[in-house]
């Protein structure tokens with residue numbers, strides 16, 4: 001009987017999962033993120049004419065259904081343990097990736113925060129010293145992609161017969 005009850009208790013604790021979109025996308029959390037990390041996040045907005053000022057553009061992006069969907073997919077991958085291999089590919093340290101593989105969101109967040117706080121100082125040094133012209137390379141690449149898309153738009157389709 002003890003084995004059966006422990007089985008059901010384990011099942012109940014697994015099924016009571018945390019919805020990642022509720023954690024990331026609720027209004028007070030978005031305001032916290034905007035207050036603390038706006039300068040770091042604004043550079044990741046699409047390179048286009050903003051509809052609003054940069055701060056409002058960031059806020060609108062964080063409130064979109066697309067962001068909620070991405071957060072939901074990320075949370076599901078984290079809770080099912082599917083995120084660990086992806087994190088390893090991005091160079092996240094092994095302890096953090098292993099935590100993601102266990103599906104425990106709280107343990108993963110704690111480990112990720114601890115590992116990132118140690119890396120933050122190192123990253124600032126690297127960011128300031130290496131690749132000062134990397135941003136211009138990225139802008140050049142984006143400009144090149146725009147030119148290719150424009151060329152395709154102005155070119156009529158070839159009508160080819162298939163055999």
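Numbering (full-length UniProt numbering), first residue to last: 1 to 163.
Each residue gets a CB set at the ideal place from its N, CA and C atoms; glycine is no exception.
Does the beta-carbon of residue 190 have 16 or more other beta-carbons within 10 angstroms, so that it is buried, or is it exposed? The question about residue 190 has no answer, for the chain in this structure spans 1 to 163.
Look at residue 45 and residue 61 and say whether their C-beta atoms are less than 8 Å apart. yes
Proximity to residue 91 [Cα-Cα], best of 37, 63, 49 and 112: 112
Residue 74 lies in the alpha helix (DSSP H); which residues open and close that run? 65 to 79
Start and end of the alpha helix (DSSP H) containing residue 85? Judged by DSSP secondary structure, residue 85 falls within the alpha helix (DSSP H) whose first and last residues are 84 to 89.
Expressed to the nearest angstrom, what Euclidean distance is found between the alpha-carbon atoms of residue 37 and residue 53? 16 Å
Given a cut-off of 8 Å on the beta-carbon distance, is the pair residue 63 and residue 30 in contact? yes
Inter-residue spacing [alpha-carbon to alpha-carbon] between residue 104 and residue 33: 22 Å
Helix, strand or coil at residue 60 [DSSP, three-state]: helix
Could you tell me the boundaries of the alpha helix (DSSP H) in which residue 102 lies? Taken as a continuous stretch (DSSP letters only), the alpha helix (DSSP H) holding residue 102 covers 94 to 102.
Can the beta-carbon of residue 100 be found less than 8 Å from the beta-carbon of residue 84? yes
Name the residue from 97, 40, 72 and 76 whose alpha carbon lies nearest to the alpha carbon of residue 165. No information on residue 165 is available, as it lies outside the stretch 1 to 163 that the chain covers here.
Name the residue from 98, 21 and 70 whose alpha carbon lies nearest to the alpha carbon of residue 81. 98
For residue 78, which residues of its own chain have a beta-carbon under 8 Å away from its beta-carbon, when the five flanking residues on both sides are left out? 20, 100, 103, 105 and 108
How about residue 115 and residue 95: do their beta carbons lie closer than 8 Å? The beta carbons of residue 115 and residue 95 sit closer together than 8 Å.
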